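Asker: Let me give you the structure first, and then I'll get to my questions.
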Amino acid sequence: MLKLTFANDVSGYYPLIQNMSGPPFIVEYPVVARYLHGNTTRRRYAQVRTVSKNEWRAVCGWCEAEYAFEIVDLWREDEGGGITVNRSFRATRTMNDTVSGSRRDQAHLDIALYPVDHNKTSDRSYDHRDAPTGAGSCGDHSGIAAGASDDDRHVIAAEVRDHSGYTREASASASHLHGLLPQGGGGVQLQLQLAQLVSPHEAVRFHAPGILYASNDQLHQCNVTNVYMDDRLTYPLVLGYHPASQAAVCFARTRLSTFAEQPVRQRDQARYAQKTDTGSLGYTRLEHKIVYQAYLPYFEGQQSVALNAEKTPASAFYPLTDEFFELSVSYELQVMTHEHYAAAVLGAFKRAAKHSTPEPVQLPFSLENSIRFRSSSLQRSYREHSNGAAGFFFHFDPRHGYESPPSGFGASFVNIPHESYLTVLEYGFTGRQINAAYTTAKSVGGEWWDRGKRVIDFFIQRCQQPSGWMYTLYEVAQDRPLYSFGDPTAPKLHYVAHGTVGGNYVRLMVEPAYDLLLAYQLYRDNGRLESLWLEAAIRFADFLVRCQNADGSWYRAYEPNGTPLKNAPGFGDDEFSSKSATIIPVMFLLALWQEVKDQGGRYYEAAKQAADFVLATYVAQDHYQGGTLDNPNVIDKEAAQYSTAALFTLYKHTGDSRYLTGAERAAQIFTTWNYIWHAPTLPGTALANAGFSTIGCGGINSIWGGGVVDIYSLFFLQELYELGQTVGEPFYCEMSKLIAAGTQQLLSYPDDLMGFADIGMQPEGFGVCWQGVDDGFIAKGDIWGTLGWIYTAGIFGLGRYLDGLKIPDKQAPVT
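The numbering used here numbers the first residue of the sequence shown as 113 and each following residue consecutively.
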């Protein structure tokens with residue numbers, strides 16, 4: 113429960129928020145404005161008026177840069193025990209920039225004479241006698257400090273209007289901007305800070321959905337600032353969880369950003385003008401206090417991936433070019449109690465969903481037809497070669513067709529040479545050949561039974577070793593399999609970059625092995641017994657059993673002889689990260705155990721031991737990293753997703769509630785990687801032209817956050833939905849619906865090819881905000897790709913979800 117009062121001194125009024133379950137929050141300077149020219153205004157309210165029992169209207173006016181500014185804040189104690197502030201910010205151009213010093217001094221002397229009666233409901237105003245409280249009263253320049261740096265500032269966000277509605281003007285260069293802006297000012301940025309005193313040794317674990325899932329070793333870090341653009345977050349909020357008291361402080365934006373124009377900046381400019389109501393949220397942890405903060409427009413620091421690999425902070429200022437504009441914004445402060453970090457993370461996210469009320473994206477086709485469109489395109493990517501190689505060459509740029517190279521992109525700030533993908537058959541992670549053969553034979557039949565057999569037979573003959581270890585890359589042009597790392601002559605896919613010892617990742621081998629088992633079962637059930645396929649899957653499972661550590665874990669990667677690769681770049685910095693892929697084999701081993709139960713007990717036991725290790729090591733800490741192969745030391749969506757699905761699958765086989773509890777705890781984290789609000793796009797970009805919405809799309813990792821989204825959440829959507837039904841959490845089911853629809857956007861279909869070469873094509877990724885834009889990586893509104901994994905996600909992953917819903921599917925395939 114939070115209660116609001118207003119304190120005052122000679123400089124004005126400021127809010128004090130009493131916290132019934134912990135230290136209070138102090139808004140020492142509720143009015144802070146920074147300017148593009150470098151000055152800063154810090155002020156307290158000149159006037160506070162009681163509007164109702166639980167509502168107060170606070171006002172402040174000042175002048176700067178030939179503008180008169182006014183902030184009107186409506187503070188409220190909510191019935192749910194939280195505090196909200198609705199802010200209106202008005203700016204009017206004026207040349208009246210003088211006032212006598214005596215009048216300014218009198219205003220400061222008089223302010224202390226009017227205490228605020230918080231128990232009285234009336235129209236009475238408490239204000240400075242003669243103080244400038246309106247936008248037209250200029251001259252009080254007190255509180256202005258020149259030369260302040262970005263590092264010690266913290267602000268607010270908004271909706272922006274001028275007299276003609278939303279403005280849509282931006283110039284192309286800083287020199288042009290200089291001609292447009294008034295002398296001196298250039299632009300304005302607002303801040304709002306809520307400070308809470310804490311013990312210097314108090315553990316606090318922070319969170320921002322879609323990017324920040326702090327680890328236990330960060331609980332006591334001080335002198336740290338993390339502030340994120342709204343559109344990098346799957347919902348704009350920041351949370352501080354206190355394990356000792358189980359208190360969770362949540363500071364969230366409740367009136368969301370609606371537009372963004374192109375910024376007016378040159379390369380390497382970190383401070384620039386931009387017409388946008390996209391703000392940012394974050395915190396600073398100092399030794400004795402935490403400062404929760406918001407900005408409008410955004411300031412992203414103390415590091416940002418938006419501009420360059422050096423992580424230069426990015427700071428936008430709303431340009432002072434219009435005669436008048438108005439900004440409006442709302443924020444909410446809540447203190448909740450939750451058993452653990454993951455529960456607090458989900459609790460804040462569910463509350464945010466009540467504000468954003470997300471609805472599934474409306475599609476021009478059914479989900480069933482989306483699978484047909486993708487399957488049609490997948491079939492057209494099939495090729496056979498004279499050396500016996502057969503497969504789907506599905507790495508291409510959808511804007512240029514099947515024979516084109518995929519457009520380049522950056523992975524953890526490593527540029528990918530796109531030519532590498534033209535002649536490589538990939539069997540795991542970003543390309544799943546055997547799964548493509550399986551789904552095509554299943555849905556189309558006919559000649560695809562034989563084509564699928566050629567794909568799979570080629571893999572077994574050329575890629576699996578007698579030990580069970582497998583290559584999962586085959587270079588057709590060189591007619592040889594490739595190690596996934598350690599081969600200096602191999603094409604540089606985005607994970608082929610580490611070390612000098614040849615080997616492969618566990619994940620890259622598990623996926624084709626699982627696909628082999630599925631294909632074996634499909635062909636057998638249709639009267640085509642392919643015993644060699646099952647034998648190959650068993651050989652790999654035996655390899656896993658032999659390599660399993662005594663604690664139930666696996667390392668991320670192995671040489672062909674079973675020697676693990678660990679504690680080195682690409683494989684993990686320590687044992688904790690080197691074992692971060694342990695959950696990945698569990699579902700495959702359980703499926704194989706079900707197939708060969710009489711002699712498969714060792715697979716069942718291996719799966720249980722691995723799950724127990726994951727429960728004790730990662731789930732207990734709410735820590736999920738290394739799901740992707742780009743960097744094992746990065747927290748990412750896929751690690752939480754794999755844990756959710758595997759633990760839930762094991763629960764279904766064992767009935768052991770420990771696995772159900774673990775699955776739900778992992779899902780509490782995974783769910784928050786997916787957008788529940790529509791982040792605005794830039795006009796004229798590919799995403800804006802397609803009417804793209806971020807709702808239902810998933811962020812990728814803790815480097816980019818939700819600034820880059822993809823459709824990977826489709827892979828285990830079935831498990832998320834079933835988990836929601838099992839534990840009685842409808843939010844998981846609703847999120848499944850949002851994901852199923854949102855991930856079909858920009859999929860080409862017969863009535864709209866989206867600028868692509870064929871139906872059933874889709875970009876691999878979508879740029880929601882900048883990622884290394886000055887280094888030539890991803891701009892807001894960009895699309896890129898495509899790598900073949902999206903066919904597996906959109907056909908196999910979505911298909912499993914629809915099968916689980918028991919949706920009939922009787923329409924004919926698209927040809």
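Each residue gets a CB set at the ideal place from its N, CA and C atoms; glycine is no exception.
Remember, it's a predicted structure, so these values are computed and weren't measured experimentally.
Can you name the start and end residues of the beta strand (DSSP E) that residue 602 belongs to?
Answerer: Along the sequence shown, read from residue 1 onward, the residue named residue 602 stands at position 490. It is not in any beta strand (DSSP E) - residue 602 carries neither H nor E in the DSSP assignment.
Asker: Tell me the rounded alpha-carbon separation between residue 248 and residue 171.
Answerer: Position 136 of the sequence shown, counted from the first residue, corresponds to residue 248. Position 59 of the sequence shown, counted from the first residue, corresponds to residue 171. With a pLDDT of 39 at residue 248, under the threshold of 50, the predicted position of this residue should be treated as unreliable, though the coordinate-derived value follows. Using only the alpha carbons, I get a separation of about 13 Å.
Asker: Would you tell me roughly how many angstroms separate the C-alpha atoms of residue 315 and residue 332, rounded to the nearest one?
Answerer: The sequence position of residue 315 within the sequence shown is 203, counting from 1. The sequence position of residue 332 within the sequence shown is 220, counting from 1. Straight-line Cα distance between these residues: approximately 5 Å.
Asker: Nearest-angstrom Cα distance between residue 195 and residue 308?
Answerer: Position 83 of the sequence shown holds residue 195. Position 196 of the sequence shown holds residue 308. The alpha-carbon atoms of residue 195 and residue 308 are separated by roughly 15 Å.
Asker: Straight-line CA distance for residue 492 to residue 795?
Answerer: Counted from its first residue, the sequence shown places residue 492 at position 380. Counted from its first residue, the sequence shown places residue 795 at position 683. Looking at the two C-alpha atoms, the distance is approximately 33 Å.
Asker: On the DSSP bridge list, what partners appear for residue 309?
Answerer: To locate residue 309, count along the sequence shown from 1; it is residue 197. Note: residue 309 sits in a beta bridge opposite 401.
Asker: Taking 8 Å as the cut-off, decide whether the C-beta atoms of residue 479 and residue 914 are in contact.
Answerer: Position 367 of the sequence shown, counted from the start, is the residue given in the question as residue 479. Position 802 of the sequence shown, counted from the start, is the residue given in the question as residue 914. Contact flag set, yes.
Asker: In this structure, how does DSSP classify residue 270 when only helix, strand and coil are distinguished?
Answerer: Reading the sequence shown from its first residue, position 158 is the one you call residue 270. Confidence in residue 270 is poor, its pLDDT being 34 and thus under 50, which makes the residue's placement too unreliable to answer from.
Asker: Could you give the distance in angstroms between the alpha-carbon of residue 301 and the alpha-carbon of residue 408?
Answerer: Counting from one through the sequence shown, the residue named residue 301 turns up at place 189. Counting from one through the sequence shown, the residue named residue 408 turns up at place 296. Between residue 301 and residue 408, the C-alpha separation is close to 5 Å.
Asker: Just list the alpha helix (DSSP H) runs in the region 477–511, keeping only unbroken ones of 4 residues or longer that don't cross its boundaries, in chain order.
Answerer: For the region 477–511, whole alpha helix (DSSP H) runs of length 4 or above, ordered along the chain, are 479–492.
Asker: When DSSP builds the beta bridges, which residues end up paired with residue 180?
Answerer: Along the sequence shown, read from residue 1 onward, the residue named residue 180 stands at position 68. According to DSSP, residue 180 bridges with 175, 204.
Asker: Output the boundary residues of the beta strand (DSSP E) element that contains residue 415.
Answerer: Translated into the one-based positions of the sequence shown, residue 415 becomes position 303. Here residue 415 belongs to no beta strand (DSSP E), and DSSP marks it neither H nor E.
Asker: For residue 138, which residues does DSSP report across the bridge?
Answerer: On the sequence shown, position 26 is the one that residue 138 refers to. According to DSSP, which records beta bridges pairwise, residue 138 is partnered with 128, 307.
Asker: Note down the Cα distance separating residue 826 from residue 786, rounded to an integer number of angstroms.
Answerer: Taking the first residue of the sequence shown as 1, we reach residue 826 at position 714. Taking the first residue of the sequence shown as 1, we reach residue 786 at position 674. The straight-line gap from Cα to Cα measures roughly 11 Å.
Asker: Which same chain residues end up closer than 7 Å to residue 420 when comparing Cβ atoms and leaving out the 5 residues on each side of it in sequence?
Answerer: Translated into positions along the sequence shown, residue 420 becomes position 308. Same-chain partners within the cutoff: 884, 886, 887.
Asker: Hey, residue 631 and residue 704: beta-carbon distance below 8 Å or not?
Answerer: Residue 631 sits at position 519 when you count from the first residue of the sequence shown. Residue 704 sits at position 592 when you count from the first residue of the sequence shown. No, the pair does not count as a contact, with Cβ atoms beyond the cut-off.
Asker: Looking at the structure shown, is residue 151 part of a helix, part of a strand, or coil, going by DSSP?
Answerer: The residue you call residue 151 lines up with position 39 of the sequence shown. The answer is coil: DSSP assigns residue 151 none of H, G, I, E or B.
Asker: For residue 799 and residue 805, I'd like the C-alpha separation in whole angstroms.
Answerer: Residue numbering aside, residue 799 sits at position 687 when the sequence shown is read from its first letter. Residue numbering aside, residue 805 sits at position 693 when the sequence shown is read from its first letter. Distance between the alpha carbons of residue 799 and residue 805: 8 Å.
Asker: Considering only the beta carbon of each residue, do residue 756 and residue 831 sit closer than 8 Å?
Answerer: Translated into the one-based positions of the sequence shown, residue 756 becomes position 644. Translated into the one-based positions of the sequence shown, residue 831 becomes position 719. Yes.
Asker: Okay, do the region 847–855 and the region 806–815 touch, 3+ Cβ pairs below 8 Å being the bar?
Answerer: Yes, they touch.
Asker: If we count the other Cβ atoms within 10 Å of its Cβ and call it buried at 16 or more, is residue 837 buried or exposed?
Answerer: Sequence index remark: in the sequence shown, residue 837 carries index 725 (1-based). Residue 837 is exposed by the Cβ-count criterion.
Asker: Among 497, 362, 597, 413, which residue has its Cα nearest to the Cα of residue 678?
Answerer: On the sequence shown, position 566 is the one that residue 678 refers to. Of the candidates 497, 362, 597, 413, the one whose C-alpha sits nearest the C-alpha of residue 678 is 597.
Asker: Roughly how many angstroms lie between the CA atoms of residue 121 and residue 157, to the nearest whole one?
Answerer: Within the sequence shown, the letter at position 9 stands for residue 121. Within the sequence shown, the letter at position 45 stands for residue 157. Their Cα atoms are separated by approximately 11 Å.
Asker: If we call anything under 8 Å between Cβ atoms a contact, is residue 738 one with residue 751?
Answerer: Residue 738 sits at position 626 when you count from the first residue of the sequence shown. Residue 751 sits at position 639 when you count from the first residue of the sequence shown. Yes. Within cutoff.
Asker: How far does the alpha helix (DSSP H) with residue 564 in it extend, from its first residue to its last?
Answerer: Mapped onto the sequence shown, residue 564 falls at position 452. 559–575 is the span of the alpha helix (DSSP H), which, as asked, contains residue 564.
Asker: Would residue 988 pass as a contact of residue 205 if the rule is Cβ separation under 8 Å?
Answerer: Within the shown structure, residues of the chain are numbered from 113 to 927, placing residue 988 beyond reach of any answer.
Asker: Are residue 782 and residue 462 touching if we call contact CB-CB under 8 Å?
Answerer: Counting from one through the sequence shown, the residue named residue 782 turns up at place 670. Counting from one through the sequence shown, the residue named residue 462 turns up at place 350. No, the Cβ-Cβ distance between residue 782 and residue 462 is not below 8 Å.
Asker: List the residues that DSSP assigns as beta-bridge partners of residue 747.
Answerer: Indexing the sequence shown from 1 puts residue 747 at position 635. Answer by DSSP bridge pairing, in chain order: 737.
Asker: Over the uninterrupted alpha helix (DSSP H) stretch that includes residue 637, give me the two end residues.
Answerer: Here residue 637 refers to the residue found at position 525 of the sequence shown. Residues 618–637.
Asker: How far does the alpha helix (DSSP H) with residue 551 in it extend, from its first residue to its last?
Answerer: Numbered from its first residue, the sequence shown carries residue 551 at position 439. Where residue 551 is concerned, the enclosing alpha helix (DSSP H) stretches over 545–555.
Asker: Assuming residue 847 is part of the alpha helix (DSSP H), what are its boundary residues?
Answerer: Along the sequence shown, one-based indexing puts residue 847 at 735. Counting along the chain, the alpha helix (DSSP H) containing residue 847 begins and ends at 842–854.
Asker: Am I right that residue 430 and residue 365 are in contact with their C-beta atoms under 8 Å? What's the rounded C-beta distance?
Answerer: By 1-based counting over the sequence shown, the position of residue 430 is 318. By 1-based counting over the sequence shown, the position of residue 365 is 253. So it is not a contact: roughly 16 Å between Cβ atoms.
Asker: Would you mind working out which of 583, 881, 391 sits nearest residue 602, comparing C-alpha positions?
Answerer: Position 490 of the sequence shown, counted from the first residue, corresponds to residue 602. Cα-wise, what sits closest to residue 602 is 583.
Asker: Taking only the alpha-carbon atoms, compute the straight-line gap between residue 115 and residue 126 and give it to the nearest angstrom.
Answerer: The residue labelled residue 115 in the question sits at position 3 within the sequence shown. The residue labelled residue 126 in the question sits at position 14 within the sequence shown. Answer to the nearest angstrom: the Cα atoms are 14 Å apart.
Asker: So, are the CB atoms of residue 890 and residue 901 less than 8 Å apart?
Answerer: The residue you call residue 890 lines up with position 778 of the sequence shown. The residue you call residue 901 lines up with position 789 of the sequence shown. Result no, Cβ atoms of residue 890 and residue 901 do not sit closer than 8 Å.
Asker: Measuring CA to CA, which of 769, 539, 518 is closest to residue 625?
Answerer: For the purposes of this step, residue 625 is taken as residue 513 along the sequence shown, with counting starting at 1. Closest by alpha carbon: 539.
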